[in-house]
Amino acid sequence: MVIPKTMKGLVLHEDNSIKFEAALPVPEVTFGSAIIRVLATPGNPNLVRMLRSEAGSHAFTQPRPLTPGGYFIGRIVAVGPDATVLSEGQLVLVEHFVRARDDTTVQILWSMHDGNTPATKKLHLAWRNGSYAEYVRAPFENTYALDEKRLCSPVSEGGLGYSFNDLTHFIAQCVPYGGFRSVNLQAGETVVISPATGLFSGAAISVAVAIGANVIAVSRSKDGLAKVKSSFPSIKTVQFTGDNEADTASIIAASGTHAPDVFLDLSPPAATGNDGVTACMMSVRPYGRIVLMGGRGDSNIPMPWPVLLYRNLTIKGGFMYEREDVQQVIRLLEGGQVKLGKENGYEISGTFSLEEWDKCADASLEHIGFGKIVVLNP
Ligand SMILES: NC(=O)c1ccc[n+]([C@@H]2O[C@H](COP(=O)([O-])OP(=O)(O)OC[C@H]3O[C@@H](n4cnc5c(N)ncnc54)[C@H](OP(=O)(O)O)[C@@H]3O)[C@@H](O)[C@H]2O)c1
995 MVIPKTMKGL VLHEDNSIKF EAALPVPEVT FGSAIIRVLA TPGNPNLVRM LRSEAGSHAF
1055 TQPRPLTPGG YFIGRIVAVG PDATVLSEGQ LVLVEHFVRA RDDTTVQILW SMHDGNTPAT
1115 KKLHLAWRNG SYAEYVRAPF ENTYALDEKR LCSPVSEGGL GYSFNDLTHF IAQCVPYGGF
1175 RSVNLQAGET VVISPATGLF SGAAISVAVA IGANVIAVSR SKDGLAKVKS SFPSIKTVQF
1235 TGDNEADTAS IIAASGTHAP DVFLDLSPPA ATGNDGVTAC MMSVRPYGRI VLMGGRGDSN
1295 IPMPWPVLLY RNLTIKGGFM YEREDVQQVI RLLEGGQVKL GKENGYEISG TFSLEEWDKC
1355 ADASLEHIGF GKIVVLNP
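For the sequence shown, the working numbering gives the first residue as 995, with consecutive numbering after it.
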């Protein structure tokens, strides 16, 4: 494949401005990496909030200049000499949870967070340039071949009819799947998911249903709950009232004969201090499991110590996913158990070119919530 020497891309500068560049150098392939033509990548609202220093958002700490942009759908144009299954021409998903090869506990979120240690910051320097460009050099470990025929050919030909843009909804499914697998959620168990109306929490409902769990979606927004219920009719919904005891009772009542086995939290940073989460935690049965994945900033976990103790509860944090989780969600997607596309509630809320970054950033903040995504097509 002929690879040009220069490419279009966005560059993030020290003052947090993002500028379009028409002739950035195309990265060169190295051992352990692939060069990938970016086809579709989301305009990430959390990145925009960070760059605009919105209240409650995390700080952007990476040294700049760099090309921002996280996960994406692309096509491989070159692979390093040690590639064994990845090859030129493959449609791939690239996810942005990068782990050091010599110590996988050294972790960064590509283009979002360079961690808190000298080791994570060093790792980020090596992988500093992300997907808001025509080409990206990606680590093999983050690059997953997709069955393009199955996913993208028309339904009339046995495919699932997804566009490349539709597939950008995929990563949101991997995050809660990683959380569920980390607490061993089983088919037939009941899981409380809260909140339930966001990009990630809505996706949590999708994967929980796909793996055969019973879902109780708990959130503040009546309209948001109605929307997720229309996409996943089998779920139960409970709207927060602000009275934690009453909300716990409603969740247990919705659970039927058995109290919930698992609770997954995916609150945003803005929910810091909101104690509705307590109502969900208190609903979990003895020996149940709780996994906290939301980016809240609380300094204490709002749960009475004796309840935790006498119920033998497990509470754990959950950051991202394991590589096997991504592989398994790809199988659920290709198998048709996890469904994307407009008819399943996943819309593309706007598409933009690199030159239109400012409009893309505004649209990314405007279109948030379950099933909404704004896409850059470099
Ligand atoms: N651990 C990980 O690996 C990981 C990975 C990705 C994301 N995350 C975290 O997951 C969070 C959720 O992502 P998302 O895209 O689904 O978030 P989101 O769309 O920004 O928000 C999700 C939901 O949170 C509720 N909410 C908003 N403001 C709130 C407030 N002040 N108090 C209480 N609830 C509030 C809303 O639901 P209702 O109005 O219906 O209540 C909203 O729909 C992210 O912000 C990030 O922190 C974690």
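Every residue gets a Cβ at the ideal spot worked out from N, C-alpha and C, and that includes glycine.
Note that this is a predicted model, so its numbers are computed, not measured.
- Annotation for I1284 indicates a beta carbon at 7 angstroms or more from all heavy atoms of ligand 1.
- Look at P1372 here: in three-state DSSP terms it is coil, with no helix or strand label.
- For N1238, the Cβ stays outside the 7 angstroms cut-off from all heavy atoms of ligand 1.
- DSSP places N1294 in the coil class of the three-state scheme, outside both helix and strand.
- With a threshold of 16 other beta carbon atoms within 10 Å, N1306 falls short and is exposed.
- DSSP, read as helix, strand or coil, puts M1275 in helix.
- Burial of P1262 is indicated by the presence of at least 16 other C-beta atoms within 10 angstroms of its C-beta.
- Looking from the CA of L1145, the closest CA among S1224, M1044, S1157 belongs to S1157.
- Beta-bridge partners of K1310 (DSSP): V1285.
- Between the alpha carbons of I1070 and T1078 lies a gap of roughly 14 angstroms.
- For the pair N1136 and H1090, the CB atoms are nearer than the 8 angstroms cut-off.
- The Cβ-Cβ distance between A1127 and S1027 does not fall below 8 angstroms.
- For Y1171, the uninterrupted alpha helix (DSSP H) run begins and ends at 1165-1176, by DSSP.
- Set against 7 angstroms, the gap from the CB of P1189 to the closest heavy atom of ligand 1 is smaller.
- Exposure of E1151 is indicated by the presence of fewer than 16 other C-beta atoms within 10 angstroms of its C-beta.
- Taking the Cβ atoms as the reference, G1192 lies roughly 6 angstroms from L1260, within the contact range of under 8 angstroms.
- At a Cβ-Cβ threshold of 8 angstroms, T1231 and A1273 do not count as neighbours.
- K1230: member of the beta strand (DSSP E) spanning 1230-1233, first to last residue.
- Taking C-beta atoms as the reference points, F1174 and V1201 count as a pair closer than 8 angstroms.
- When Cβ pairs closer than 8 angstroms are counted between the two stretches, the region 995-1006 is seen not to touch the region 1311-1329, the count staying below three.
- For A1127, the three-state secondary structure derived from DSSP is strand.
- Around R1317, the same chain offers E1135 as residues with beta carbons nearer than 7 angstroms, after the five sequence neighbours per side are excluded.
- E1328 has its alpha-carbon roughly 33 angstroms from the corresponding atom of R1290.
- Per the coordinates, the alpha-carbon of L1140 lies some 7 angstroms from the alpha-carbon of Q1084.
- The alpha-carbon separation between F1025 and R1214 amounts to approximately 49 angstroms.
- In this structure, the beta-carbon distance from F1364 to K1221 falls below 8 angstroms.
- Annotation for N1040 indicates a beta carbon within 7 angstroms of some heavy atom of ligand 1.
- For ligand 1, a non-hydrogen atom lies closer than 7 angstroms to the CB of A1264.
- Bridge pairing for N1208: T1184 [DSSP].
- With a threshold of 7 angstroms, the Cβ atom of I1362 counts as near ligand 1, since some heavy atom of the ligand is closer than that.
- Counting along the chain, M1044 sits inside the alpha helix (DSSP H) bounded by residues 1039-1045.
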